[in-house]
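Below: one structure, written as structure tokens.
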Amino acid sequence: MEMMRLWKNRSGSGYPLAITIVLAILLLSCCIFEYFRLSIIAAEVRDATQSAIIAVATENYSLVYNGLRQSYSGGYTRSSNQWQESWTTGDIYNRISRDLGLVQEESSYVRKSSEHIEYSISQLKVNVINTPFAPTSPYSMQQFTAEAQIHLTVPLSFGWGHLPPMQANLTVQAVYRPRF
């Protein structure tokens with residue numbers, strides 16, 4: 315009889331459910347905050363790379379042949395009696411590391427906060443697409459374009475080192491368009 319009374323006593327049975335709900339909400343909010351942190355870091359690196367690649371496109375301004383009549387332009391210079399391609403990719407890593415406060419470690423650039431690696435970038439690939447000097451069709455021509463691809467690695471703060479880091483290849487491009 316005594317045992318049945320204890321067994322039917324339901325006072326305090328809501329505590330485990332309340333604790334479970336609170337822990338589930340905490341776990342979910344940690345995942346959401348980590349997602350936002352990763353999104354912010356990726357956007358910051360993408361914007362810095364975009365700024366650097368735009369600088370490369372505008373640095374080539376003086377090297378770009380201006381075809382005002384046909385409204386196309388390309389990186390060409392006159393050398394004796396012929397035209398030759400002329401453009402530069404600039405120093406994108408320096409610009410990005412200056413903008414983001416990165417330090418070079420081996421083959422990658424790293425941002426640290428109190429001895430912990432916040433993120434690293436590596437494997438920068440720059441491709442400059444020059445406009446054809448005399449395109450066959452003005453409708454299918456390419457523009458003077460600078461493209462960059464960079465590899466971003468961000469260690470996760472959620473998971474206490476048991477989860478692999480986020481790795482992403484970020485691609486940005488800038489197109490030079492003459493205005494006048």
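My numbering numbers the first residue of the sequence shown as 315 and each following residue consecutively.
The C-beta atom is built at its ideal place from N, Cα and C for all residues, glycine as well.
What you are looking at is a predicted structure, and each value in this text was computed from that prediction instead of being measured.
Item	Value
Nearest candidate by alpha-carbon position, reference Ala460, set Ile339, Ile406, Ser393, Tyr349	Ile406
Bridge-paired residues (DSSP) for Tyr433	Arg425
Contact set for Tyr433: own chain, Cβ-Cβ below 6 Å, skip 5 residues either direction	Ile355, Arg425, Val468
C-alpha distance - Arg319 paired with Leu331, whole-angstrom precision	22 Å
As assigned by DSSP and simplified to three states, the class of Glu358	helix
Per-residue DSSP class, three states only, for Ser393	strand
Local conformation of Asn441 per DSSP, three classes	strand
Terminal residues of the alpha helix (DSSP H) in which Asp413 lies	406 to 414
For Arg383, the three-state DSSP class (helix, strand or coil)	The pLDDT assigned to Arg383 is 46, lower than 50, so where the model puts this residue is not dependable; a value taken from the coordinates is nonetheless given after this. Coil.
Endpoints, the beta strand (DSSP E) within which Glu419 is located	417 to 419
Contact set for Ile431: own chain, Cβ-Cβ below 8 Å, skip 5 residues either direction	Val424, Arg425, Pro469
For Met318, the three-state DSSP class (helix, strand or coil)	helix
Residue burial classification, Thr363 (beta-carbon count within 10 angstroms, cutoff 16)	buried
6 Å CB neighbourhood of Ser327 in its chain, flanking five on each side removed	none
Leu470 - DSSP class collapsed to helix/strand/coil	coil
Proximity below 9 Å, CB of Lys439 to CB of Ile464	yes
Contact belief for Val359 with Ile435 at Cβ below 8 Å, rounded distance in angstroms	6 Å
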